[in-house]
Structure formats: structure tokens, C-alpha cells
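Colleague: Please see the structure below; I have some questions.
Chains as they are written, first to last, in the numbering used here: chain X, 5 to 530; chain U, 705 to 914.
In C-alpha cells, the structure reads:
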């Protein structure tokens with residue numbers, strides 16, 4: 005290290021040459037900082053009342069954010085929403101709510117009780133999603149910890165371990181143990197290509213032994229990390245016998261989910277909104293002066309040199325709104341079926357984006373049976389098509405609870421979409437019975453939310469291929485004609501996350517502000 | 705759509721969206737709230753949306769639409785295991801009342817939108833010869849013939865026509881005993897021997913009705 009620059013030395017040199025921004029960018033490049041720092045200070049230009057007019061298309065998180073920020077600095081904002089509700093995919097389902105699935109409208113029959121709710125869209129917030137946190141904090145939306153990866157929960161595999169659920173803690177401990185034993189023996193027999201010094205070897209063997217909780221002879225015989233079979237309080241703890249190595253190797257959870265919490269978006273501790281994720285939406289609506297026009301489907305978007313005209317249907321009439329700027333969060337896959345005169349490459353980009361998809365089931369259980377098994381929140385994972393059973397982190401020790409009974413992604417969703425709601429619930433109940441005794445007998449009510457079939461949605465975010473992203477992402481971030489911005493989680497690297505929606509709104513607002521300030525400067529000169 | 709302004713877009717630019725003079729033969733229809741959901745997939749004025757595989761329906765005859773909606777509802781269309789897109793449509797139709805089906809069919813017939821763009825590379829002149837047989841039922845301008853139960857084909861997306869012809873060929877459509885005209889169509893598919901013939905005839909149909 006003496007001859008080479010240390011990273012600190014490099015950073016101070018870069019800083020001297022390029023200022024703080026250069027240090028920041030270089031730090032990003034070196035992987036020292038995440039770009040999810042504090043949200044950018046928007047510092048939007050205030051305008052006099054009756055100034056520029058803004059149309060926002062879509063009342064999801066991105067649209068609400070833009071409306072809220074621009075209204076605060078004096079703009080006249082109108083939000084047009086195609087569906088009958090505000091919030092987009094930020095959807096918390098409660099007693100009496102209608103789930104507007106096309107062809108299969110459902111009414112939620114959960115108890116009318118404050119803890120009986122289900123977050124059918126976003127449900128977890130990691131701490132590094134700084135923009136979500138910023139708005140929750142500034143809009144006084146209280147948060148609580150939400151368990152996600154849970155050691156006492158189960159992993160379940162119909163083809164292995166006799167089809168019986170295995171505690172996550174045991175699976176993880178045994179997987180590490182087996183791996184460590186192999187490592188230990190390889191070191192012991194000096195099978196490394198690179199010669200290790202005696203000290204190195206001893207240290208590495210100690211590391212392997214600690215990582216896997218090995219016996220003094222380097223063998224793995226199970227670990228208390230995998231949980232107690234019995235005892236541990238008034239009698240000695242008896243550890244579980246290790247799983248069979250081959251069954252563990254054959255099982256699929258080590259590739260499906262064992263490392264899921266290593267993903268920063270799913271890493272503990274996660275947060276959730278007290279009382280339901282839609283309290284974020286309600287907070288925005290509370291702050292907004294403008295009333296969202298619901299049931300208003302856009303029919304035409306016309307870009308002009310000095311603004312944007314939008315035609316929409318409302319209450320059986322065709323109406324037109326003219327604005328100086330338009331912020332559009334309509335799902336990209338609807339845009340080719342809405343007449344517009346956006347630039348051809350812009351339209352081509354929207355048509356090239358492929359919608360994503362998610363599917364969730366929420367079940368009201370008349371008893372919180374999982375708590376009797378020592379499980380408080382967190383998720384069980386199975387190789388069945390439901391993928392996940394996710395126990396609520398709220399309402400602990402209450403009588404009842406609403407859990408997530410299925411969570412399917414992308415191509416997996418079609419399987420459920422082709423069933424009717426009753427068939428989906430029956431399928432989820434049968435899968436649950438393979439994991440928890442009497443699972444289905446506890447189900448009192450259920451809802452299924454297939455985002456690929458929801459009215460005015462028909463998808464969930466975007467799955468960008470690298471090719472399409474390289475060709476169109478930067479283009480679609482820019483305003484068409486300087487007047488029409490595409491926004492939403494679809495225009496981000498975090499599609500299907502609220503942080504993606506906030507980030508895209510922030511990007512558009514910052515760009516908008518630069519243009520408005522530049523115009524003001526030009527006019528000042530004139 | 706990408707690449708150039710569609711005809712509707714040009715016209716709208718010229719005359720203004722809410723102008724009294726309409727670029728298309730018919731003024732835009734504002735659907736009642738209960739029929740808005742047709743447009744979620746099939747697009748504004750049912751212009752079609754290739755991304756969600758929802759075909760253009762603008763101006764289709766009401767008798768045909770009504771019949772097909774009943775077909776979806778009664779389970780002789782959109783239930784074959786190979787007809788995945790049809791299965792997506794089936795529950796939408798199943799949720800409609802008879803009265804709503806009537807209204808939906810009238811709505812479809814009243815709409816207009818630009819003719820769809822060609823997306824397939826068939827040979828229209830080869831297709832013209834093949835179409836001679838088709839024209840007996842579907843009409844020489846592919847305008848359809850209600851008396852024979854033959855729908856208009858002009859104005860449908862080429863990709864949709866190809867999908868349907870493939871379904872008639874495989875039996876994913878036209879196999880159900882209740883679907884008498886579908887069975888006739890399936891028999892008529894002998895005229896179109898292979899994929900090339902399908903593409904050619906579809907390319908020819910795309911030239912009709914303008």
C-alpha cells in the first residue's frame with residue numbers, strides 16, 4: 005500500500021481538482037457511497053398565483069409527489085386519474101373495499117377492524133429508500149418495523165425433507181456447516197493451488213470453523229444456531245440433528261430465497277407504515293389543494309410548442325384541458341392505445357417497454373396460529389406456486405390476523421390469473437395446509453390481487469431489458485418537447501418500488517426547475 | 705405506431721380535437737362507465753393495443769360482437785387450453801349481463817379509429833388469389849355477411865387475424881360443437897395450407913376497407 009495511492013489520498017486529489025461533486029461522483033464510482041443518499045433538495049422556483057398550469061396524469065405515488073411539490077410553490081395543478089381511486093398500486097385492502105379486477109370484481113370481507121388490512125401493492129420499505137423515508141417523515145406518516153426474513157419461519161420443499169417444513173434457522177446453519185466442513189477439509193489437506201503459510205492456514209481453518217460452527221475436528225454435527233429441539237431453559241439445550249446433506253443440496257431454497265435478505269431492498273430491518281401503506285397516499289391527499297378527478301380516462305395527448313392539451317372522458321362527456329406542462333404516469337403499455345403526437349422515438353420507447361407483473365393473496369386468519377409456533381412476522385418460503393406465506397408484523401397477540409398467502413412474480417402470475425378468485429383462495433389454502441397444520445381451517449376471508457388484471461393497470465411496473473433501457477431510458481427521462489414528462493416507477497431503476505416512483509418524480513421536477521429557471525433568466529435579460 | 709404520426713393524429717392536429725369537423729367518419733363515442741373497461745385493453749375508441757394483444761374492434765358489426773361476447777360467456781370461445789389470449793378475454797365477457805352485451809356491441813359498432821398499421825410481411829398479391837375462396841362468405845371487400853354469420857375482416861389487426869387463423873388451424877378455435885360457424889371456418893382452413901399462405905392472405909385483407 006505504501007507505493008500505491010490509498011483511496012483517501014486519491015479522493016483528496018480529486019477533491020482539489022474538481023470540488024465536492026467530483027469527490028461525490030468518484031466515491032460513487034469506487035463504491036464507497038450509495039446514490040441513495042438524502043433526497044435532492046428540490047429548491048423549486050416559486051411562481052405567482054395563476055402562473056403556469058400543470059396537468060398530472062395518474063394519481064399514484066409519482067403523480068401525487070409532482071402535484072404536491074408544484075402546488076407548494078404556487079402552480080395550478082390538476083390531476084386526472086382513470087380509476088375510481090387515488091394511490092395507484094399503493095393499495096391497502098380493508099373491510100368492504102372493492103378489488104377492481106377486470107372480469108372478477110371482489111369485495112373484501114375482512115373484519116371491520118383496524119388491524120385487519122392487507123398491503124396488496126408495496127408492503128416493505130428499506131431504510132436506504134431515502135425518498136420514501138423523507139416523505140413519510142415530512143408528511144407525518146408513522147412507521148414501524150416489519151419483519152421480512154425470519155429465522156423462526158420455515159422453508160418448505162415438497163420434494164425434500166419428507167415434504168415437511170424446516171425452520172429457516174436450521175436450514176441456514178446446516179448449509180453453512182456443510183460448506184464450512186468442506187472448506188476446512190480442503191485447507192487441512194492443503195488442496196489450494198496457492199501455497200498458504202502455516203499461519204494463514206490456521207487462521208482460515210478457524211474462520212471456516214467459526215462460520216459453520218464446526219466440531220474441533222472440523223466436522224459438522226449440527227449447531228444450536230439451527231434452533232433447539234428441546235430444553236435450553238430449565239434443562240440443557242438439545243440441538244436439532246442436522247438435515248441430510250444431500251436433501252439440502254437437492255432442495256431449491258438456497259437458490260430461491262436463502263440469500264434474499266442479502267439484497268439491500270430486503271435486508272433487515274425493513275419498515276412499514278402503521279395502519280397500512282396507503283397512509284402515505286392519504287397524507288398527500290390531505291396536503292393537496294387540488295381535487296383529483298377520478299374515473300377520468302385520457303383519450304388524447306397533444307404536444308404543442310407552448311404546452312400540452314389533454315382530452316379525457318368524464319361523467320359521459322369528452323373534456324379538454326390545456327396546460328403549460330404535463331407529467332404523465334400512465335403505464336407505458338397503455339400509451340400505444342391513446343392517440344398522441346409525442347415524438348416518434350419517444351412513442352417507440354414507450355411501446356418497447358414490457359410490463360411487469362405481481363400477484364398477491366391476503367387471507368384473514370381467525371387465529372394467529374403462527375405465533376403459537378414462535379413466529380412473529382417474517383416469511384415462510386415454499387417451492388409451491390404460492391412462493392411465500394408472510395405473517396403480519398402488526399397486531400401481534402391479537403385474536404386474528406391478515407397474512408399474505410401467495411406472492412407470485414412476473415410469468416408466475418398467469419397461473420393464478422387464469423383462475424377465478426375462489427379457485428385461487430382454495431389453491432392457496434391447499435398449499436398452506438402442507439406447511440401449517442389446519443391452515444385452511446383458520447381462513448375466514450380472502451382477497452386476490454392480480455396486478456396484470458387490475459382495471460386501468462394491466463401490469464405492474466416495467467421489466468426493462470438491457471437493450472431497451474440502453475436505447476430509450478435516458479430519452480424517456482427527458483421531457484418531450486420540453487413539456488411532457490413521463491414519470492412513475494416505470495421510469496426508474498427501481499420499478500415496482502415506491503422509491504422508484506419518488507425518484508422519477510424528483511428527477512422530472514429537478515429537470516423542470518432547471519428549465520423554468522433558465523426561462524426566467526432569459527426573460528430577465530430581455 | 706412508432707415511426708410516423710398515425711392518420712388520426714395528423715387529422716387531429718389539423719382540425720383540433722374538439723372541432724366540429726371530425727377527421728374520421730364518426731365522432732368519438734364516450735362510453736358509459738360500465739363500458740370503459742373495454743377500452744382499458746382495446747384502447748381509445750377500441751383502436752387496439754398490440755402490447756396487451758387486444759385487437760382493434762372499432763366499427764365491427766354489432767351482431768358479430770354480440771355473438772362473440774355470448775360465445776365467451778357460454779364457454780365456446782376463450783376456454784380452449786391453447787387459447788391463452790382468449791382465456792384472458794373470457795372472464796371479461798362472463799361478467800356482462802345480456803343488456804350490457806347489447807350495449808357493448810352497439811358501442812363497438814359506433815366507434816371509429818385509424819386503420820391498423822401493417823406489422824407482418826406477407827405478400828398481398830399472392831394473398832389476393834387465396835382470398836377468392838374466403839370472399840364467398842366474407843365478401844370481396846372483407847366487409848362480412850351477417851346472413852352467413854361471417855364477420856367483417858377489414859380493419860382487424862394483421863397480427864390478430866393471423867392468430868385467429870392459426871387457432872382455427874390448430875383447433876384452439878372452432879372446435880366446440882356449439883360454434884357452428886367456427887366449425888365451418890375450421891373446415892375452410894384447408895384453403896390455407898401453411899404459415900406463408902396465412903401471412904399472404906392476411907396481407908391482402910390488410911389492403912381492404914380503406
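We put the beta carbon where it would ideally sit given N, CA and C, even for glycine.
Counting only beta-carbon separations shorter than 8 angstroms, does residue 341 of chain X have a partner in chain U?
Modeller: For the purposes of this step, residue 341 of chain X is identified with residue 337 of the first chain, where counting begins at 1. Output row for residue 341 of chain X: interface = yes.
Colleague: Out of X/161, X/526, X/302, state which residue places its alpha-carbon closest to the alpha-carbon of residue 734 of chain U.
Modeller: The count along the second chain starts at 1 and reaches residue 734 of chain U at position 30. Considering only X/161, X/526, X/302, the residue with the shortest C-alpha distance to residue 734 of chain U is X/302.
Colleague: Decide if residue 53 of chain X is buried, meaning its Cβ has at least 16 other Cβ atoms within 10 Å, or exposed.
Modeller: Residue numbering aside, residue 53 of chain X sits at position 49 when the first chain is read from its first letter. With fewer than 16 Cβ atoms within 10 Å of its Cβ, residue 53 of chain X is classed as exposed.
Colleague: Between U/761, U/729, U/901, U/753, which lies nearest to residue 835 of chain U when the distance is taken from Cα to Cα?
Modeller: As a working note, residue 835 of chain U is residue 131 in the second chain. Measuring from the Cα of residue 835 of chain U, the nearest candidate turns out to be U/901.
Colleague: Could you check which residue in X/493, X/409, X/466 has the C-alpha nearest to that of residue 452 of chain X?
Modeller: As a first step, residue 452 of chain X must be located in the first chain, where it is residue number 448. Looking at X/493, X/409, X/466, the one whose alpha-carbon comes closest to that of residue 452 of chain X is X/409.
Colleague: Could you tell me which chain U residues have their CB closer than 7 angstroms to the CB of residue 107 of chain X, listed as they occur along the chain?
Modeller: Walking along the first chain from the start, residue 107 of chain X turns up at place 103. Per Cβ cutoff of 7 angstroms: 795, 796, 798, 799.
Colleague: Under three-state DSSP, which class holds residue 900 of chain U?
Modeller: For the purposes of this step, residue 900 of chain U is taken as residue 196 along the second chain, with counting starting at 1. For residue 900 of chain U, the secondary structure class from DSSP, reduced to helix, strand or coil, is helix.
Colleague: Measuring CA to CA, which of X/83, X/501, X/306 is closest to residue 361 of chain X?
Modeller: On the first chain, position 357 is the one that residue 361 of chain X refers to. If we check each option's Cα against that of residue 361 of chain X, X/501 comes out closest.
Colleague: Along the segment 355 to 388 of chain X, where does the CB come closer than 9 angstroms to a CB of chain U? Name the residues.
Modeller: 355, 356, 357, 358, 359
Colleague: Taking buried to mean at least 16 other C-beta atoms within 10 Å of its own C-beta, is residue 6 of chain X buried or exposed?
Modeller: Here residue 6 of chain X refers to the residue found at position 2 when the first chain is read from its first residue. The predicted model places residue 6 of chain X with a pLDDT of 38, which falls under 50 and marks its position as unreliable; any figure quoted below should be read in that light. Residue 6 of chain X is exposed by the Cβ-count criterion.
Colleague: Which residues in the same chain have their Cβ closer than 6 angstroms to the Cβ of residue 717 of chain U, if we skip the five residues on either side of it in sequence?
Modeller: Stepping through the second chain from its first residue, residue 717 of chain U is reached at position 13. For residue 717 of chain U, the pLDDT reaches just 36, beneath the cut-off of 50, and the residue's location in the model is therefore unreliable, although a value from the coordinates is still provided. Once the five neighbours on either side are set aside, residue 717 of chain U has no close Cβ partner at all.
Colleague: Determine whether the beta carbon atoms of residue 896 of chain U and residue 905 of chain U lie at a separation below 8 angstroms.
Modeller: By 1-based counting over the second chain, the position of residue 896 of chain U is 192. By 1-based counting over the second chain, the position of residue 905 of chain U is 201. Contact: yes.
Colleague: Closer than 6 angstroms by C-beta to residue 329 of chain X: which residues in its own chain qualify, once you throw out the five before and the five after it? Chain order, please.
Modeller: Translated into positions along the first chain, residue 329 of chain X becomes position 325. So the qualifying residues of the chain are 58, 487.
Colleague: Strictly below 8 angstroms CB to CB, what residues from chain U border residue 460 of chain X?
Modeller: On the first chain, position 456 is the one that residue 460 of chain X refers to. Those within 8 angstroms of residue 460 of chain X in chain U are 744.
Colleague: Alpha carbon to alpha carbon, how far is residue 429 of chain X from residue 368 of chain X?
Modeller: For the purposes of this step, residue 429 of chain X is taken as the residue at position 425 of the first chain. For the purposes of this step, residue 368 of chain X is taken as the residue at position 364 of the first chain. Between residue 429 of chain X and residue 368 of chain X, the C-alpha separation is close to 11 angstroms.
Colleague: Please report the straight-line C-alpha distance between residue 779 of chain U and residue 454 of chain X, rounded to a whole angstrom.
Modeller: On the second chain, position 75 is the one that residue 779 of chain U refers to. On the first chain, position 450 is the one that residue 454 of chain X refers to. Looking at the two C-alpha atoms, the distance is approximately 22 angstroms.
Colleague: Extract the residue ranges of the alpha helix (DSSP H) inside the segment 73 to 145 of chain X, only unbroken runs of 4 or more that lie entirely within it.
Modeller: 134 to 142
Colleague: Between the C-alpha atoms of residue 251 of chain X and residue 177 of chain X, what's the straight-line distance to the nearest angstrom?
Modeller: Residue numbering aside, residue 251 of chain X sits at position 247 when the first chain is read from its first letter. Residue numbering aside, residue 177 of chain X sits at position 173 when the first chain is read from its first letter. Each residue's Cα considered, the two are about 14 angstroms apart.
Colleague: So is residue 755 of chain U in contact with chain X if we call contact Cβ pairs under 8 angstroms?
Modeller: Sequence index remark: in the second chain, residue 755 of chain U carries index 51 (1-based). With 8 angstroms as the cut-off, residue 755 of chain U counts as an interface residue toward chain X.
Colleague: Name the chain C residues whose beta carbon is nearer than 7 angstroms to that of residue 741 of chain U?
Modeller: This model lacks chain C altogether; the protein chains it does include are X and U.
Colleague: What residue does the alpha helix (DSSP H) around residue 372 of chain X start on, and which one ends it?
Modeller: One-based indexing of the first chain puts residue 372 of chain X at position 368. Counting along the chain, residue 372 of chain X falls outside any alpha helix (DSSP H), and DSSP gives it neither H nor E.
Colleague: By the three-class DSSP mapping on this structure, what secondary structure does residue 278 of chain X have?
Modeller: Taking the first residue of the first chain as 1, we reach residue 278 of chain X at position 274. Reduced to three states, the DSSP call for residue 278 of chain X is coil.
Colleague: Please work out which residues of its chain come closer than 7 angstroms, Cβ to Cβ, to residue 732 of chain U, disregarding the five sequence neighbours upstream and downstream, and give them in chain order.
Modeller: For the purposes of this step, residue 732 of chain U is taken as the residue at position 28 of the second chain. Cβ neighbours of residue 732 of chain U beyond the five flanking positions: 749.
Colleague: What are the residues of the segment 283 to 305 of chain X that lie near chain U, defined by any Cβ-Cβ distance shorter than 9 angstroms?
Modeller: Result list: 299, 301, 302, 303, 304.
Colleague: By how many angstroms is the C-alpha of residue 84 of chain X removed from the C-alpha of residue 297 of chain X?
Modeller: The count along the first chain starts at 1 and reaches residue 297 of chain X at position 293. The count along the first chain starts at 1 and reaches residue 84 of chain X at position 80. Between residue 297 of chain X and residue 84 of chain X, the C-alpha separation is close to 5 angstroms.
Colleague: Under 8 angstroms Cβ to Cβ from residue 849 of chain U, same chain only, skipping five residues before and after it: list those, please.
Modeller: Translated into the one-based positions of the second chain, residue 849 of chain U becomes position 145. So the list reads 841, 842, 843, once near-sequence residues are dropped.
Colleague: Thinking residue 364 of chain X and residue 411 of chain X are a contact (beta carbons under 8 angstroms), I'd like their distance in whole angstroms, please.
Modeller: Taking the first chain and counting its residues from 1, the one referred to as residue 364 of chain X is at position 360. Taking the first chain and counting its residues from 1, the one referred to as residue 411 of chain X is at position 407. Rounded, the Cβ-Cβ distance is 6 angstroms, consistent with contact.
Colleague: In this structure, how does DSSP classify residue 754 of chain U when only helix, strand and coil are distinguished?
Modeller: Walking along the second chain from the start, residue 754 of chain U turns up at place 50. The answer is helix: DSSP assigns residue 754 of chain U an H, G or I state.
Colleague: Do we get a CB-CB distance below 8 angstroms when we pair residue 398 of chain X with the residues of chain U?
Modeller: For this step, residue 398 of chain X is matched to residue 394 along the first chain. At a cut-off of 8 angstroms between beta carbons, residue 398 of chain X makes no contact with chain U.
Colleague: Chain X beta carbons: is any one of them nearer than 8 angstroms to that of residue 831 of chain U?
Modeller: Looking up residue 831 of chain U in the second chain gives position 127. So, not an interface residue.
Colleague: Return the Cβ separation of residue 490 of chain X and residue 332 of chain X in integer angstroms, given the expectation that the two are a contact with Cβ distance under 8 angstroms.
Modeller: Numbered from 1 along the first chain, position 486 holds the residue referred to as residue 490 of chain X. Numbered from 1 along the first chain, position 328 holds the residue referred to as residue 332 of chain X. Going by Cβ atoms, the distance from residue 490 of chain X to residue 332 of chain X rounds to 5 angstroms, so yes, they are a contact pair.
Colleague: Using only the alpha-carbon positions, how far apart do residue 435 of chain X and residue 260 of chain X sit?
Modeller: The residue labelled residue 435 of chain X in the question sits at position 431 within the first chain. The residue labelled residue 260 of chain X in the question sits at position 256 within the first chain. Distance between the alpha carbons of residue 435 of chain X and residue 260 of chain X: 18 angstroms.
Colleague: Apart from the five residues on each side of it in sequence, which residues of its chain come closer than 7 angstroms, Cβ to Cβ, to residue 535 of chain X?
Modeller: The requested residue 535 of chain X does not occur in the structure, where chain X is confined to residues 5 to 530.
Colleague: Straight-line CA distance for residue 109 of chain X to residue 798 of chain U?
Modeller: Residue numbering aside, residue 109 of chain X sits at position 105 when the first chain is read from its first letter. Residue numbering aside, residue 798 of chain U sits at position 94 when the second chain is read from its first letter. Distance between the alpha carbons of residue 109 of chain X and residue 798 of chain U: 12 angstroms.
Colleague: Does the segment 96 to 110 of chain X come within contact of the segment 514 to 528 of chain X, defined as at least 3 CB pairs closer than 8 angstroms?
Modeller: no
Colleague: In the DSSP assignment, find the unbroken beta strand (DSSP E) run with residue 301 of chain X in it and report its ends.
Modeller: Residue numbering aside, residue 301 of chain X sits at position 297 when the first chain is read from its first letter. It spans 301 to 308 - the beta strand (DSSP E) in which residue 301 of chain X sits, taken as one unbroken run.
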